[in-house]
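Encoded as structure tokens, the structure appears first; notes follow it.
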Amino acid sequence: MLLISVRRRTPPTAQLDLIRRYIAVGKPVVGIRTASHAFVLRTGKPAEELADWPNWDEQVIGGSYTNHFGSGPITSVTAMQPEHPILRGVKLPFTSPSTLYQSNPLRAGAQALLTGAIPGQPAESVAWTFTRPDGGRTFYTSLGSPADFQDASFTRLLQNGIEWAAGTRPAK
Numbered sequence: 013m014l015l016i017s018v019r020r021r022t023p024p025t026a027q028l029d030l031i032r033r034y035i036a037v038g039k040p041v042v043g044i045r046t047a048s049h050a051f052v053l054r055t056g057k058p059a060e061e062l063a064d065w066p067n068w069d070e071q072v073i074g075g076s077y078t079n080h081f082g083s084g085p086i087t088s089v090t091a092m093q094p095e096h097p098i099l100r101g102v103k104l105p106f107t108s109p110s111t112l113y114q115s116n117p118l119r120a121g122a123q124a125l126l127t128g129a130i131p132g133q134p135a136e137s138v139a140w141t142f143t144r145p146d147g148g149r150t151f152y153t154s155l156g157s158p159a160d161f162q163d164a165s166f167t168r169l170l171q172n173g174i175e176w177a178a179g180t181r182p183a184k
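Residues in the sequence shown are numbered consecutively from 13, following the numbering used here.
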């Protein structure tokens with residue numbers, strides 16, 4: 013299981029090559045929050061000995077992150093696929109203080125599980141699965157600010173998403 017929770021990092025080329033090889037053979041990936049833009053600099057190119065992955069979100073996460081809405085509004089989270097095994101034991105609806113990411117539209121092969129909404133803005137996907145072209149499974153959620161880890165709904169979602177990506181049965 014590859015768990016990604018970094019933002020705008022350009023690791024040494026050999027390290028990113030290891031991640032590319034892991035993903036290319038269909039291994040499971042779980043991304044939390046800033047993982048949608050894990051290996052993409054905001055501007056410029058990485059230093060010579062470092063590497064980026066500009067299409068990471070599209071190719072591995074299954075989204076199309078462009079930015080986030082401003083801080084302040086609480087995100088209301090509701091189910092798109094309430095019967096999906098990843099949502100077993102997740103008490104819905106719930107709220108999150110995480111800023112709402114602009115991640116739509118999702119890529120072909122992605123299935124939205126949860127949407128988030130704030131006043132005056134369109135709902136955005138906040139948790140989804142993605143069956144990658146390499147056959148691997150990705151679970152991603154744009155939730156995951158520190159306060160979310162205190163919420164039982166979020167931690168159950170994350171546990172179930174990890175189990176789903178790994179190919180084990182999510183807990184009841």
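Even for Gly, the Cβ is constructed at its ideal location relative to N, Cα and C. None of the values given here were measured: they were computed from a predicted structure.
DSSP lists 141 as the beta-bridge partner residues of residue 123.
Taking residue 127 as the centre and dropping the five residues before and after it, the same chain places the C-beta of 90, 92, 135, 136, 137, 138 closer than 7 Å to its C-beta, in chain order. Pairwise C-beta distances place the region 141-153 out of contact with the region 99-106, as fewer than three of them are shorter than 8 Å. In this structure the region 55-65 lies against the region 14-25, because at least three pairs of beta carbons, one per stretch, are closer than 8 Å. Exclusion of the five residues before and after residue 114 leaves 77, 78, 79, 80, 81, 136 as the residues of its chain whose Cβ lies within less than 8 Å of its Cβ.
Boundaries of the beta strand (DSSP E) harbouring residue 43: 41-44, taken from the DSSP string.
Nearest in C-alpha terms to residue 108, of all of 122, 84, 70, 72, is 84.
Residue state for residue 162 is assigned as helix, using DSSP reduced to three classes.
Across the structure, residue 95 and residue 125 are spaced so that their CA atoms are roughly 9 Å apart. A direct Cα-Cα distance of roughly 14 Å separates residue 121 from residue 177. For residue 30, the enclosing alpha helix (DSSP H) stretches over residues 25-36. Sequence-distant partners of residue 14 (beyond 5 residues in either direction) whose C-beta falls short of 8 Å from its own C-beta, in its chain, are 31, 34, 35, 39, 40, 41, 42. DSSP, read as helix, strand or coil, puts residue 135 in coil.
For residue 152, the enclosing beta strand (DSSP E) covers residues 149-153. For residue 89, DSSP records a beta bridge to 106, 128.
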